[in-house]
Amino acid sequence: MKELLIYLEEVEDREEVERLFLQPGFVVTLVEQEAQFLPACRRGLYDVVLLWRTRPERVAAFCNLLQEHQMEYLPLLPVVAEEVLAREILSHPVADVLVIPQPRFEFFQLLDQIIQELSPLHQGSGDAAFRGNLADFSLIDLIQVIEQRKLSGRLRLDALGFQGIVFFNQGRITHAQLESLEGLPALEKLAFLKEGYFQIRLMGAGGLGGERSIQKASLLEHLKGQQTQWEKQYSGLPDQKTEMLANPLRPPKGGSGLDEEIYRFFQTPHRLGEVLLKLPDPVDQIIAGLHRQVRNGQLGLREEVEKRVAEEEKKGGLGRVVGGLTTLFKRKEEPPPPSPPPPASTAEKSSLPPRIVPSSIHVTDREAIEKLLEEAQK
3 MKELLIYLEE VEDREEVERL FLQPGFVVTL VEQEAQFLPA CRRGLYDVVL LWRTRPERVA
63 AFCNLLQEHQ MEYLPLLPVV AEEVLAREIL SHPVADVLVI PQPRFEFFQL LDQIIQELSP
123 LHQGSGDAAF RGNLADFSLI DLIQVIEQRK LSGRLRLDAL GFQGIVFFNQ GRITHAQLES
183 LEGLPALEKL AFLKEGYFQI RLMGAGGLGG ERSIQKASLL EHLKGQQTQW EKQYSGLPDQ
243 KTEMLANPLR PPKGGSGLDE EIYRFFQTPH RLGEVLLKLP DPVDQIIAGL HRQVRNGQLG
303 LREEVEKRVA EEEKKGGLGR VVGGLTTLFK RKEEPPPPSP PPPASTAEKS SLPPRIVPSS
363 IHVTDREAIE KLLEEAQK
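Residues in the sequence shown are numbered from 3 upward in steps of one, following the working numbering.
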């Protein structure tokens, strides 16, 4: 099964493209608005990204956009209507260029060939990329393979709208980044992720941190022990994907600065795992703060808090405090328009198709990825 993301420069092409890719063997995600492009890129694990009936200046813009967001690993495949445009576009970092119209059989033959050449199994030596789900293969599992095989490259993790990167050189973890965190603190948080996707790209040794490394004896054992401790501490809290909301009727009084940060973060609905990644504080301290606020009724399930607030509003005995509850749930960065737009998450769900089926290079077990990594190093 091949997975494609297709960006339509012209909305009128949608029907034509849908008919073209009706044949079995393809899972296609169509995007018509530029604002949808990056969210779609993050949600899927695509074999190739097609820019349909595009132009050279648009290709350059998309190349810059992916580079700016550290997603240049996604292979772009422009589709153009003129041969002269293809020659100009090939000066950009794209996988290839397809020219249309052409016979259906030849089009798919070329497309299959390009996708095959992009596959790490076809590349043999040199750079190679593998993708998978953190639910199947955790960061600790990946680090173990990296150390055992003395691999060099980088590992990108996407979860809950956040992105982390881990660099490794000849089996040593050299650096990690997550939001404002770097080094071991970032690596520790990334290791706690239970949901999301990873992409591991192998490269030649060198140029990935040199002799620099995260200074921690027995790094793997440290992470394993720490994760076991954090998981026990987390016990009793809802799943990391559960949406929580601060209770405006029970604000924290005299709590720590971290308690105030947690309460402020959840003044708009967020999944529980997001606060672990967003705040720079250690995970164990954030977990302790979450337990306190849930226990004190300052933080609860979104549906329950909204129901409680609605009941209090109906009573009408809270005066201006309850009358101003709506403002507590507005994001600080949003201006107060007369008719506020829906949250970004809702817009994405309505405009993007559901998550697609994993692709053929999506690995789900240790034996599979070890075999792929070993082949790539030969």
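Glycine residues also receive a C-beta, built at the ideal position from the N, C-alpha and C atoms.
| field | Alpha-carbon to alpha-carbon, Leu87 and Arg45 | value | Locating residue 45 in the sequence shown gives position 43, where the first residue counts as 1. Locating residue 87 in the sequence shown gives position 85, where the first residue counts as 1. Going by the C-alpha atoms only, they are around 30 Å apart.
| field | Sequence-distant residues of its chain with Cβ nearer than 7 Å to Arg294 (five each side left out) | value | The residue you call residue 294 lines up with position 292 of the sequence shown. Excluding positions up to five away in sequence, the list reads Asp261.
| How is Leu144 classed by DSSP in three states: helix, strand or coil? | Residue 144 sits at position 142 when you count from the first residue of the sequence shown. Note: Leu144 maps to helix in three-state DSSP.
| With Leu180 and Ala193 assumed to form a contact (beta carbons below 8 Å), what rounded beta-carbon distance in angstroms separates them? | Numbered from its first residue, the sequence shown carries residue 180 at position 178. Numbered from its first residue, the sequence shown carries residue 193 at position 191. No, Leu180 and Ala193 are not in contact; Cβ-Cβ is about 11 Å, not under 8 Å.
| For Gly198 versus Ala161, is the C-beta distance shorter than 8 Å? | Here the question's residue 198 lines up with position 196 in the sequence shown. Here the question's residue 161 lines up with position 159 in the sequence shown. Yes, Cβ-Cβ distance for Gly198 and Ala161 is below 8 Å.
| request: Measure how close the beta-carbons of Val33 and Phe39 come, nearest whole angstrom, since I'm counting them as under 8 Å. | output: What you label residue 33 is simply residue 31 of the sequence shown in a count that begins at 1. What you label residue 39 is simply residue 37 of the sequence shown in a count that begins at 1. Right, their Cβ atoms sit about 6 Å apart.
| field | Where the alpha helix (DSSP H) containing Val307 begins and where it ends | value | As a first step, residue 307 is located in the sequence shown; it is residue number 305 there, counting from the start. Arg304 to Lys317 is the extent of the alpha helix (DSSP H) around Val307.
| query | What's the C-alpha gap between Lys4 and Phe200? | reply | Reading the sequence shown from its first residue, position 2 is the one you call residue 4. Reading the sequence shown from its first residue, position 198 is the one you call residue 200. Those two C-alpha atoms are separated by around 18 Å.
| said: According to DSSP, is Ser298 part of a helix, a strand, or is it coil? | reply: Counting from one through the sequence shown, the residue named residue 298 turns up at place 296. The amino acid occupying residue 298 in the given sequence is Asn; Ser does not appear at that position. In the structure shown, Asn298 sits in coil (DSSP, three-state: anything other than H, G, I, E or B).
| task | Kindly give me the distance between the Cβ atoms of Asn249 and Gly302, rounded to whole angstroms, as I take these residues to be in contact under 8 Å. | result | Mapped onto the sequence shown, residue 249 falls at position 247. Mapped onto the sequence shown, residue 302 falls at position 300. With a Cβ gap of about 6 Å, Asn249 and Gly302 count as contacting.
| field | Status (buried if at least 16 other CB within 10 Å, exposed otherwise) for Lys309 | value | Residue numbering aside, residue 309 sits at position 307 when the sequence shown is read from its first letter. By the 10 Å Cβ count, Lys309 comes out exposed.
| said: Going by C-alpha to C-alpha distance, which of Ile145, Pro282 and Lys255 sits closest to Gln300? | reply: In the sequence shown, residue 300 corresponds to position 298, counting from 1. Comparing Cα positions, the closest option is Lys255.
| said: Which of the three DSSP states is assigned to Val277 in this structure? | reply: Here residue 277 refers to the residue found at position 275 when the sequence shown is read from its first residue. In this structure, Val277 counts as helix in the three-state DSSP scheme.
| Just to confirm, are Ile264 and Ile289 a CB contact at a threshold of 8 Å? | Position 262 of the sequence shown, counting from 1, holds the residue named residue 264. Position 287 of the sequence shown, counting from 1, holds the residue named residue 289. Going by C-beta atoms, Ile264 is not nearer than 8 Å to Ile289.
| field | From Ile167, Tyr75 and Asp143, residue whose alpha carbon lies closest to that of Leu462 | value | Nothing about residue 462 can be read from this structure; the chain reaches only from 3 to 380.
| query | Just curious, the beta strand (DSSP E) that Arg158 is in, first and last residue? | reply | Residue 158 sits at position 156 when you count from the first residue of the sequence shown. DSSP places Arg158 inside the beta strand (DSSP E), whose first and last residues are Gly155 to Ala161.
| field | Environment of Gly388 [buried if 16+ CB atoms lie within 10 Å] | value | Nothing about residue 388 can be read from this structure; the chain reaches only from 3 to 380.
| said: How far does the alpha helix (DSSP H) with Arg55 in it extend, from its first residue to its last? | reply: As a position in the sequence shown, residue 55 is number 53, starting the count at 1. From DSSP, Arg55 is part of no alpha helix (DSSP H); its letter is neither H nor E.
| Is Glu84 helix, strand or coil by DSSP? | Position 82 of the sequence shown, counted from the first residue, corresponds to residue 84. Residue state, collapsed to three classes: coil.
| Between the C-alpha atoms of Glu17 and Ile8, what's the straight-line distance to the nearest angstrom? | Along the sequence shown, one-based indexing puts residue 17 at 15. Along the sequence shown, one-based indexing puts residue 8 at 6. Whole-angstrom Cα-Cα distance: 13 Å.
| To which residues of the same chain is His71 closer than 7 Å at the C-beta, ignoring the five residues directly before and after it? | In the sequence shown, residue 71 corresponds to position 69, counting from 1. Cβ within range, chain order: Leu40.
| request: Please say whether Trp54 and Val19 have beta carbons closer to each other than 8 Å? | output: Here the question's residue 19 lines up with position 17 in the sequence shown. Here the question's residue 54 lines up with position 52 in the sequence shown. Between Val19 and Trp54, the C-beta spacing is below 8 Å.
| task | Give every residue of the same chain whose Cβ lies closer than 6 Å to the Cβ of Glu336, excluding the five residues on either side of it in the sequence, and list them in chain order. | result | For the purposes of this step, residue 336 is identified with residue 334 of the sequence shown, where counting begins at 1. Residue confidence for Glu336 is low, a pLDDT of 42 falling below 50, so the modelled location carries little weight and cannot support an answer.
| By a C-beta neighbour count over all protein chains shown, 10 Å radius and 16 as the cutoff for buried, is Arg106 buried or exposed? | Within the sequence shown, the letter at position 104 stands for residue 106. Arg106 comes out exposed.
| query | How is Gly134 classed by DSSP in three states: helix, strand or coil? | reply | Counting from one through the sequence shown, the residue named residue 134 turns up at place 132. Gly134 falls in the strand class under three-state DSSP.
| Buried versus exposed call for Gln242 [16 or more other C-beta atoms within 10 Å across all chains shown] | The residue given as residue 242 occupies position 240 in the sequence shown. Buried.
| message | Judging by CA-CA distance, which residue of Leu6, Val147 and Met246 is the nearest neighbour of Ile175? | response | Residue mapping note: residue 175 aligns to position 173 of the sequence shown, counting from 1. The option with the nearest alpha carbon to Ile175 is Val147.
| query | Are Leu47 and Leu79 touching if we call contact CB-CB under 8 Å? | reply | For the purposes of this step, residue 47 is taken as residue 45 along the sequence shown, with counting starting at 1. For the purposes of this step, residue 79 is taken as residue 77 along the sequence shown, with counting starting at 1. Cβ distance not < 8 Å, so Leu47 and Leu79 don't count as in contact.
| Per DSSP, what kind of secondary structure is Leu1 in: helix, strand or coil? | Because the chain in this structure spans residues 3 to 380, residue 1 falls outside the shown range and cannot be described.
| Are the beta-carbon atoms of Lys196 and Leu278 separated by less than 8 Å? | Here the question's residue 196 lines up with position 194 in the sequence shown. Here the question's residue 278 lines up with position 276 in the sequence shown. No. Outside cutoff.
| query | How close, in whole Å, do the beta carbons of Val81 and Leu112 come, if the pair is a contact with beta carbons under 8 Å? | reply | Position 79 of the sequence shown, counted from the start, is the residue given in the question as residue 81. Position 110 of the sequence shown, counted from the start, is the residue given in the question as residue 112. Incorrect: roughly 11 Å between the Cβ atoms, too far for contact.
| query | Once you ignore the five residues that flank Leu123 on each side, which residues in its own chain have a CB closer than 6 Å to its CB? | reply | The count along the sequence shown starts at 1 and reaches residue 123 at position 121. Caution applies to Leu123, whose pLDDT of 39 falls short of 50 and renders its modelled position unreliable; the model cannot decide the point.
| Between Arg151 and Arg203, is the Cβ-Cβ spacing less than 8 Å? | Along the sequence shown, one-based indexing puts residue 151 at 149. Along the sequence shown, one-based indexing puts residue 203 at 201. Taking 8 Å as the Cβ cut-off, Arg151 and Arg203 do not qualify as a contacting pair.
| query | Would a C-beta distance cut-off of 8 Å place Glu245 and Pro271 closer than the cut-off? | reply | Locating residue 245 in the sequence shown gives position 243, where the first residue counts as 1. Locating residue 271 in the sequence shown gives position 269, where the first residue counts as 1. A contact, by the Cβ cut-off of 8 Å.
| said: So, with DSSP's three-state summary, where would you put Thr31? | reply: Working through the sequence shown from its first residue, we reach residue 31 at position 29. Of the three classes helix, strand and coil, the one that applies to Thr31 here is strand, per DSSP.
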